[in-house]
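First to last, the protein sequences are chains A and B.
When we follow numbering that gives the first Met the number 0, the leftmost residue of the first sequence carries the number 0, and every step to the right adds one.
When we follow numbering that gives the first Met the number 0, the leftmost residue of the second sequence carries the number 0, and every step to the right adds one.
Every residue, glycine too, gets a C-beta built ideally from N, C-alpha and C.
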Amino acid sequence: MKPPPFDYAAPSSVTEAVDLLAATEDAKLLAGGQSLMPLLALRLARPTLLVDLQDVEALSSIETSVRSVRFGAMVRQHQLVGSTSHPLIGSAARWIAHAAIRSRGTIGGSLAHADSAAELPVVATAVGATMEAVGRGRSRSIGADQFFHGLLQTALAEDEVLTAIDFPLPRRWGFAELARRHGDFALVLVAVAEMPSEDDRTHHWQIAVGGIEGTPRRCLNAEQEATVAGVHTAAQIEAVARLASTEIEAVDHLHASATYQRAMTAELVSRALTQAVEPTTISEPSQRETAP
Amino acid sequence: MRVEFTVNGSAESVEVEPRVTLADALREELGLTGTHLGCEHGVCGACTVLVDEQPVRSCLMLAVQARNASLQTIEGLERENGSLHPLQQAFSDCHGLQCGFCTPGMVMTAVHLLATNPDPTRDEIRAEMSANICRCTGYNSIVDSVEQAATARGALARDD
Ligand SMILES: Cc1cc2nc3c(=O)[nH]c(=O)nc-3n(C[C@H](O)[C@H](O)[C@H](O)COP(=O)(O)OP(=O)(O)OC[C@H]3O[C@@H](n4cnc5c(N)ncnc54)[C@H](O)[C@@H]3O)c2cc1C
Ligand code: FES
Ligand code: FES
């Protein structure tokens with residue numbers, strides 16, 4: 000249960016970090032360590048060099064604009080809890096693990112780790128976040144729909160650093176999650192976001208479901224139904240929720256059958272949409288609820 | 000690598016390999032064995048300490064990452080005159096421990112909870128303390144302990 004030996008470097012700029020990654024075989028970035036350290040302890044990862052990003056000050060900024068909030072990759076998860084600049088993230092971050100994990104874990108680490116049962120990848124998918132990545136002599140932007148490739152797989156190359164993530168602001172939003180115990184990874188989680196069009200004249204719904212497939216899933220038919228028919232009544236919300244539950248590909252596992260996962264998808268989409276139209280129904284993880 | 004930090008107010012300097020966790024540096028290099036190691040991969044919370052006032056799993060942080068930080072461990076809670084911290088007293092009064100293995104992590108988690116939320120509800124205490132696993136008590140007495148400490152501290156604050 001002790002990490003294997005490795006070298007350690009703590010560069011102070013992204014360029015130095017990228018150079019170290021490019022120059023060393025099997026080097027790995029270290030952000031909050033809340034996913035990487037367990038992998039090292041269990042010896043599921045054996046990097047030769049850890050490149051710690053904690054001294055790269057440029058990665059800790061938060062910039063708010065009218066349409067979006069841009070978070071540096073090293074912003075810690077506890078800084079997101081209750082965020083008023085991006086309330087959907089502020090609400091979702093309360094569901095990430097426990098205080099002792101959030102005080103180290105970073106927004107960039109969660110997205111780069113790409114667990115589909117994690118809150119931030121699902122929110123990123125729902126609002127269509129843009130990931131900014133810097134590699135050797137190049138930088139690029141990757142949309143959420145292109146970023147997540149599969150369980151713990153992303154579009155990032157070995158020598159690329161995720162530097163910032165731009166989260167567009169939804170007009171209305173909701174977030175709902177089912178976990179077996181408080182702070183556990185979700186069995187099913189849902190983020191819904193009503194996003195403005197470029198010219199702000201129209202809005203459309205985006206619905207992302209996590210925890211079931213290898214990557215967060217956008218439910219395009221349900222989104223279409225919500226946008227075209229509206230979510231004004233309970234019956235309309237139910238129709239959207241039912242549609243969403245038919246769009247996911249669930250398989251039975253130890254903790255939940257495929258049928259249960261689909262039923263919970265419908266329930267959580269319905270709760271998230273209800274929150275979006277009636278914000279007083281937003282729930283916090285510390286409010287004890289019986290599993291639906 | 001040489002790493003310097005303060006532990007419970009005193010400056011310390013240790014020489015460690017990069018792979019040494021903060022928990023092992025505290026226990027093996029500084030002899031501060033109050034911080035316990037259960038799972039060593041982040042799930043049990045026994046190793047919880049405060050780093051710059053934030054709760055941290057010391058098994059999931061490298062000692063080298065703690066350079067220049069200010070650390071608080073269970074050893075730092077007792078008052079100089081030897082009296083117990085209100086949380087230690089409450090855990091004793093309410094039978095918040097049996098074998099005591101989880102207790103340092105439980106108490107440090109509760110220190111942070113009461114620092115950020117001095118008057119928590121029972122549900123809030125349960126939610127926060129669920130970060131830590133206890134195999135003995137069944138948790139109710141731990142919730143009682145934190146509740147008692149919150150009340151005691153509230154009373155202290157009102158007396159001031
Ligand atoms: C007990 C426990 C419970 C947890 N529960 C939850 C939960 O309920 N929900 C949840 O979302 N998460 C949970 N987590 C995971 C936690 O949120 C992690 O913090 C997060 O997944 C990874 O972030 P990190 O900053 O710790 O990254 P690290 O562990 O440092 O890194 C993770 C991976 O990402 C890579 N990486 C990190 N930063 C970058 C970057 N800027 N660019 C490119 N690659 C990078 C690393 O090389 C590594 O491969 C839990 C963790 C633990 C230990
Ligand atoms: S020993 Fe650190 S969380 Fe279990
Ligand atoms: S008192 Fe024994 S594990 Fe908690």
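- Put simply, of Trp-94/A, Gly-136/A, Ala-128/A, Val-126/A the residue whose alpha carbon is nearest the alpha carbon of Ala-116/A is Trp-94/A.
- DSSP places Thr-63/A in the uninterrupted beta strand (DSSP E) bounded by 61-63.
- Residue list for ligand 2: Leu-36/B, Gly-37/B, Cys-38/B, Glu-39/B, Gly-41/B, Val-42/B, Cys-43/B, Gly-44/B, Ala-45/B, Cys-46/B, Arg-56/B, Cys-58/B (CB closer than 6 Å to any heavy atom, chain order).
- Interface annotation for the segment 57-76 of chain B against chain A: Cys-58, Leu-59, Met-60, Leu-61, Val-63, Gln-64, criterion Cβ-Cβ distance under 8 Å.
- No Cβ of chain B is located within less than 9 Å of the beta carbon of Leu-28/A.
- Taking all protein chains shown into account, Val-13/B has 16 or more neighbouring C-beta atoms within 10 Å of its C-beta and is therefore buried.
- Inter-residue distance for Asn-116/B and Phe-4/B is about 27 Å (C-alpha atoms, whole angstroms).
- Annotation for Asp-114/A indicates a beta carbon within 8 Å of some heavy atom of ligand 1.
- For Pro-54/B, the nearest CB of chain A lies under 9 Å from its own CB, placing it at the interface with that chain.
- Closest in alpha carbon position to Leu-150/A, among Phe-166/A, Arg-216/A, Ile-88/A, Gly-127/A, is Arg-216/A.
- Secondary structure note for Ser-109/A: its alpha helix (DSSP H) is the uninterrupted segment 106-112.
- Bridge pairing for Tyr-7/A: Leu-49/A [DSSP].
- Note that the segment 105-125 of chain A touches the segment 74-82 of chain A; at least 3 beta-carbon pairs, one per stretch, sit closer than 8 Å.
- Annotation: Cβ neighbours of Gly-32/A in chain B (cutoff 8 Å, chain order): Leu-59, Met-60, Leu-61, Gln-64.
- Using a CB distance below 9 Å, the part of the segment 45-66 of chain A facing chain B consists of Leu-49, Asp-51, Gln-53, ordered along the chain.
- Excluding sequence positions up to five before and after Ala-65/B, its CB lies within less than 7 Å of the CB of Val-2, Phe-4, Leu-21, Val-50, all in the same chain and listed in chain order.
- Under the 9 Å criterion on CB atoms, Ser-102/A is classed as interfacial with respect to chain B.
- Residue burial annotation: Asp-143/B is buried, with at least 16 other C-beta atoms found within 10 angstroms of its C-beta.
- Relative to ligand 1, the beta carbon of Gln-78/A is positioned no closer than 8 Å to any heavy atom.
- Bounds of the beta strand (DSSP E) holding Arg-139/A are 137-142.
- The nearest non-hydrogen atom of ligand 3 is 8 Å or more from the C-beta of Met-107/B.
- Taking C-beta separations shorter than 8 Å and ignoring five residues to either side along the sequence, the partners of Ile-211/A in its chain run Ser-115, Val-187, Ile-247, Glu-248, Ala-249, Gln-260, Thr-264, following chain order.
- His-35/B does not reach chain A, its nearest Cβ partner there being about 13 Å away, counting only Cβ pairs nearer than 7 Å.
- Non-local C-beta neighbours of His-181/A in its own chain, meaning closer than 7 Å and more than five positions away in sequence, comprise Pro-284, ordered along the chain.
- Within the segment 167-184 of chain A, the residues whose Cβ lies closer than 8 Å to some Cβ of chain B are Arg-180, His-181, Gly-182, listed in chain order.
- Boundaries of the alpha helix (DSSP H) around Ile-124/B: 121-128.
- With contacts defined by Cβ atoms closer than 9 Å, Leu-76/B and Val-48/B do not form a contacting pair.
- For secondary structure counted as the alpha helix (DSSP H) over 4 or more consecutive residues, the segment 51-101 of chain A holds these complete runs in sequence order: 76-79, 86-92, 98-101.
- Segment contact: the segment 59-69 of chain A against the segment 162-173 of chain A, three or more CB-CB distances shorter than 8 Å; contact assigned.
- For Val-50/B, the closest Cβ of chain A is nearer than 9 Å.
- Residue nearest to Glu-123/B within the set Thr-108/B, His-40/B, Asn-80/B is Thr-108/B (criterion: CA-CA distance).
- If the five residues before and after Val-6/B are omitted, its C-beta is found closer than 6 Å to the C-beta atoms of Leu-70, all from its own chain and listed in chain order.
- Within chain B, His-40 have C-beta atoms less than 7 Å from the C-beta of Leu-41/A, given in sequence order.
- According to DSSP, Leu-29/A shares a beta bridge with Asp-51/A.
- Under a criterion of Cβ atoms nearer than 9 Å, the residues of chain B adjacent to Ala-98/A are, in order, Gln-53, Pro-54, Thr-108, His-111, Leu-112, Thr-115, Glu-127, Ala-130.
- Across the set Thr-34/B, Ala-130/B, Thr-72/B, the C-alpha of Ala-130/B shows the shortest separation from the C-alpha of Ile-100/A.
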